[in-house]
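Enquirer: Here full-length UniProt numbering is used: the first residue of the sequence shown is 1, the next is one more, and so on.
C-beta atoms are modelled at their ideal positions from N, C-alpha and C, and glycine is treated no differently.
Remember, it's a predicted structure, so these values are computed and weren't measured experimentally.
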Amino acid sequence: LSPTLNPSPCQHSRTLQPRFRLFETKHCITFVYSELTILSSSILGTHETMPEDFLLAKVFSDAMGPSKVIPYYYKAEKTPNPEDITITTLVTANRFPVLSRLVTHYQGPISVAIHINDDEGRDAIIEELHQLYKSNPLMRQYMDLHLIVDTFDRQFNMWRNVAKFFARSEYIMMLDVDFHLCTDFRMSIIKNPRIMEMLRAGNTALVVPAFEFIKQEDGLDWQTFPTGKKDLLDIVRSEKIDMFHRTWVKGHGATNYTKWYQATELYKVTDYIFSYEPYIIYKKEGSPWCDERFIGYGANKAACLYELYLSGIDYWVLPNDFLIHQTHFYPESARRKERRYNRKLYDNFREEVCLRYSRMFVSTNQWNSSRADNIRGECSKIRGFRQAVKSLE
1 LSPTLNPSPC QHSRTLQPRF RLFETKHCIT FVYSELTILS SSILGTHETM PEDFLLAKVF
61 SDAMGPSKVI PYYYKAEKTP NPEDITITTL VTANRFPVLS RLVTHYQGPI SVAIHINDDE
121 GRDAIIEELH QLYKSNPLMR QYMDLHLIVD TFDRQFNMWR NVAKFFARSE YIMMLDVDFH
181 LCTDFRMSII KNPRIMEMLR AGNTALVVPA FEFIKQEDGL DWQTFPTGKK DLLDIVRSEK
241 IDMFHRTWVK GHGATNYTKW YQATELYKVT DYIFSYEPYI IYKKEGSPWC DERFIGYGAN
301 KAACLYELYL SGIDYWVLPN DFLIHQTHFY PESARRKERR YNRKLYDNFR EEVCLRYSRM
361 FVSTNQWNSS RADNIRGECS KIRGFRQAVK SLE
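1. To which residues of the same chain is residue 234 closer than 6 Å at the C-beta, ignoring the five residues directly before and after it?
2. For residue 177, does the three-state DSSP call read helix, strand or coil?
3. Put residue 203 into one of helix, strand or coil per three-state DSSP.
4. I need the straight-line Cα distance from residue 166 to residue 56, nearest angstrom please.
5. Does the contact criterion of 3 or more C-beta pairs under 8 Å hold for the region 258-278 versus the region 301-313?
6. Indicate whether the contact test is met: 3 or more Cβ pairs, each with one atom in the region 160-175 and one in the region 279-288, closer than 8 Å.
7. By how many angstroms is the C-alpha of residue 255 removed from the C-alpha of residue 272?
8. Please list the segments of the alpha helix (DSSP H) lying wholly inside the region 198-266, counting only runs of 4 or more residues, in order along the chain.
9. Kindly indicate which three-state DSSP category residue 445 falls into: helix, strand or coil?
10. Using the three-state DSSP reduction, which class does residue 370 fall into: helix, strand or coil?
11. Here's the rule: buried if 16 or more other CB atoms are within 10 angstroms of the residue's CB, otherwise exposed. What is residue 381?
12. Measuring CA to CA, which of 201, 236, 205 and 363 is closest to residue 212?
13. Report the rounded CA-to-CA distance for residue 173 versus residue 246, giving the unit in angstroms.
14. The alpha helix (DSSP H) with residue 63 in it runs from where to where?
15. With H, G and I counted as helix, E and B as strand and the rest as coil, what does DSSP make of residue 48?
16. Quick check on residue 69: buried or exposed, where buried means 16 or more other Cβ atoms within 10 Å of its Cβ?
17. Excluding the 5 residues preceding and the 5 following residue 227 in the sequence, name in chain order all residues of the same chain whose CB lies nearer than 8 Å to its CB.
18. Does residue 8 come out as helix, strand or coil in the three-state DSSP assignment?
19. Roughly how many angstroms separate the alpha carbons of residue 354 and residue 345, rounded to a whole number?
20. Report yes if the C-beta distance between residue 147 and residue 133 is below 9 Å; otherwise report no.
21. Would you mind sorting residue 328 into buried or exposed? The rule is 16 or more other CB atoms within 10 Å of its CB.
22. Can you have a look at residue 63 and say buried or exposed, based on whether 16 or more other CB atoms are within 10 angstroms of its CB?
23. Could you spell out where the alpha helix (DSSP H) holding residue 123 opens and where it closes?
24. Mind checking who residue 91 pairs with in its DSSP beta bridge?
25. Considering only DSSP beta bridges, list what residue 283 is partnered with.
26. So the candidates are 99, 104 and 109; which of them puts its Cα closest to the Cα of residue 78?
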């Protein structure tokens, strides 16, 4: 079936890649109907068709809906090398300038999910996005941009999954857009055979340590940020900068910053705790997705990292690379309320995920393998877990 398109300057026609080469989509500001074709049997040569909205509704079915997901609203002209690292991030309209800066600085593949409220301000924000896109030619070269249009704010994990789902390289970096990339971690990874082998194996996530200026005004101008570890350590010694969110040590403390200050080689995180939420680089294929039931602030990213860890992925810290947070101000009242709710959800989630992965490892005869080391160690901290596992064996 051919969709009927209303004439509009925003009309685009693209092919989704890399796993959707047979999917033809047409998108517009008026969000017209589209249909896609799926190869259901290469042996029999048969095809089935289904609406794109139907497929994506299933893909993101744990999120609040309905949502209109528009993949590749803008698609990068440069096709990423399969072994490149795509930054996956999420952006709201108030952070458009920071996104442009990230694209300019990274000049590598970026898959960004942008949420727009479906209200009277929608068209103005999309026009603002068009102007931003036209103002920075590097966006045309490097950025795949996917729109999520609905009335649900702060579905961070659903947005992260959109950015990951449509990323076009084997490896991705889960990054918040407000962080400045102070070092060229991409080249230091790609040119290191040992690290690349670890990524290919799919059981490693690389941690890029994150920092934050103690005085917020010192973090406003990214052009003053250090670009090497030696300069960073000078600022650390002057007590002007510290680990990101130093008042919440559980969030990044397992990186072991004291060890990092002396490190010259990659090292493994050995003191993982369930609140740990570093910024990581890992293999897209075969890795768990972020649980979309977490809405709003608090525990959303930690839940992503927790499930990655239980699935058998270890965290390894890069010794010379780092990020610095660019200061911006948060809606603290909303954060407090959402954190209380998500704290309760996270307690239940951890028990659920422990049971689910235990069942999987037992069923596939991997419970006593090294892949299950993380789940055996972490989930045994939950009361009654050992007894529950015995009932599965």
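Expert: According to the structure shown:
1. Once the five neighbours on either side are set aside, residue 234 has no close Cβ partner at all.
2. Per DSSP, reduced to three states, the secondary structure at residue 177 is coil, with no helix or strand assignment.
3. Here residue 203 carries a coil assignment [DSSP, helix/strand/coil].
4. Rounded to whole angstroms, residue 166 and residue 56 show a C-alpha spacing of 12 Å.
5. They touch, by the three-pair rule.
6. Taking one beta carbon from each stretch, the region 160-175 and the region 279-288 have 3 or more pairs nearer than 8 Å; the two touch.
7. Spanning the two alpha carbons is a distance of roughly 8 Å.
8. Within the region 198-266, the complete alpha helix (DSSP H) segments of 4 residues or longer fall at 229-237, 249-252 and 257-262, listed in chain order.
9. The structure shown has nothing for residue 445, since the chain only spans 1 to 393.
10. Helix at residue 370.
11. Exposed, since its Cβ has fewer than 16 Cβ neighbours within 10 Å.
12. When each option's Cα is compared against that of residue 212, the closest is 236.
13. Answer to the nearest angstrom: the Cα atoms are 22 Å apart.
14. Premise fails: residue 63 is in no alpha helix (DSSP H) and is neither H nor E.
15. In this structure, residue 48 counts as strand in the three-state DSSP scheme.
16. Result: buried.
17. Here the set comprises 182 and 183.
18. Bear in mind that the predicted position of residue 8 carries a pLDDT of just 34, short of 50, making it too unreliable to give a figure here.
19. Using only the alpha carbons, I get a separation of about 14 Å.
20. No, these two residues do not count as a Cβ contact at 9 Å.
21. Burial call: exposed.
22. Classification of residue 63: buried, given that the 10 Å Cβ count is 16 or more.
23. In the DSSP assignment, residue 123 falls within the alpha helix (DSSP H) that extends over 122-135.
24. Its beta-bridge partners are 114.
25. According to the DSSP secondary-structure assignment, residue 283 is paired through a beta bridge with 171.
26. The shortest Cα separation from residue 78 among 99, 104 and 109 belongs to 109.
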